[in-house]
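Let me begin by presenting the structure, written as structure tokens, before commenting on it.
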Amino acid sequence: MSAFPVPPGPLPRLLVSVRDPAEAEAAQLAGADLIDAKDPERGALGALEAQLVAAIVARVAGAAVTSAVADPTPESVTAMVATGIDWVKTGLDLRQRRDPAALASLVAAAPGRLIAVLFAEDGPAADLVPALARAGFAGVMIDTAGKTGARLTDLAEPDTLAAFTAACRTHGLMCGLAGSLRITDIPVLSPHRPDYFGFRGGLCRDFDRRNGIDPLRVAEAVRALRPLHRDAA
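If you read the sequence shown in numbering that gives the first Met the number 0, its first letter stands for residue 0, the second for the next number, and so on.
Right, dumping it as structure tokens:
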């Protein structure tokens with residue numbers, strides 16, 4: 000497991016979702032900070048088979064890797080941790096969100112390594128952050144559940160995103176923003192000070208998440224982050 004919640008360096012950082020070892024290596028070589036193993040055909044939390052996730056981890060040895068679990072249970076989280084990834088991303092149903100014991104059981108399966116994924120379609124997320132921090136989550140991200148056109152910037156008002164990232168900072172949680180983002184969203188969303196931006200379709204050929212990752216677009220996203228890094232310094 001990595002010694003840092005995200006790789007050391009300037010904020011925000013770039014997370015790129017990949018579906019196989021070849022895409023993972025291409026994204027890493029193009030400058031991605033975090034590699035997110037995910038099946039783009041299965042939505043925001045499309046989990047890959049554990050064997051394939053382990054192969055991705057091996058291909059990008061030394062890089063920070065996250066992966067989702069489709070069914071958020073302690074058993075599924077434990078199985079994903081066994082692949083060697085750094086963090087496990089999990090959605091939370093309404094029952095789990097309201098049940099401290101359920102949250103604690105998930106965290107116990109991956110202490111210090113669990114990231115909650117909340118969806119912009121469900122409304123403001125800032126009020127959920129304190130409970131996730133108390134349960135021991137390492138981080139929280141906002142994504143879009145649907146991948147049919149509506150983007151994060153369509154579904155969440157700037158004040159809502161600012162309140163979310165501020166709550167995460169207050170409670171010491173890593174935070175991310177994702178949801179059909181484009182590179183042009185980086186300067187627009189950067190004032191909210193997320194720890195990372197999550198991308199898939201915006202870095203694929205023809206902006207289609209089902210197509211392969213385009214390393215040139217990954218490199219372009221990295222370049223878009225550089226002025227932010229200089230400002231932070």
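Glycine included, each C-beta is placed from N, C-alpha and C at the ideal position.
Alpha carbon to alpha carbon, what distance is there between residue j and residue i?
i      : j      : result
Val106 : Leu91  : 12 Å
Arg12  : Leu224 : 8 Å
Thr183 : Asp19  : 26 Å
Arg150 : Ala63  : 26 Å
Pro73  : Leu113 : 11 Å
Val187 : Leu202 : 17 Å
Ala49  : Val87  : 12 Å
Gly211 : Leu154 : 26 Å
Ala23  : Val52  : 10 Å
Once DSSP output is grouped into helix, strand and coil, what is the label at residue i?
i      : result
Leu172 : coil
Ser179 : coil
Gly42  : coil
Ile185 : helix
Gly200 : helix
Thr255 : The chain is shown from 0 up to 232; residue 255 falls before or after that span and cannot be answered.
For residue i versus residue j, is the C-beta spacing smaller than 9 Å?
i      : j      : result
Val128 : Thr82  : no
Gly45  : Ala26  : no
Thr65  : Val76  : no
Ala54  : Met79  : no
Leu172 : Leu131 : yes
Pro214 : Leu28  : yes
Gly145 : Gly175 : no
Gly30  : Ala218 : yes
Phe136 : Ala119 : no
In the DSSP assignment, what residue or residues form a beta bridge with residue i?
i      : result
Arg12  : Tyr195
Val139 : Ala115 and Cys174
Leu33  : Leu14 and Ala63
Ile212 : Cys203
Val68  : Thr89
Could you tell me whether any non-hydrogen atom of the ligand ADP is closer than 8 Å to the CB of residue i?
i      : result
Asp153 : The ligand ADP is absent from the structure shown, which contains no ligands of any kind.
Taking 8 Å as the threshold, find out whether the segment 55-62 comes into contact with the segment 98-114 through three or more Cβ pairs.
With a cut-off of 8 Å, the segment 98-114 and the segment 55-62 do not count as touching, because too few Cβ pairs lie within range.
With contact counted as at least three CB pairs below 8 Å, one residue from each stretch, are the segment 37-44 and the segment 211-224 in contact?
No, the segment 37-44 is not in contact with the segment 211-224.
Are the segment 192-201 and the segment 138-146 in contact at 8 Å, needing three or more beta carbon pairs?
Yes, they touch.
Inspect the CB distances between the segment 112-126 and the segment 159-166 and report whether three or more fall short of 8 Å.
By the criterion of at least three beta-carbon pairs nearer than 8 Å, the segment 112-126 is in contact with the segment 159-166.
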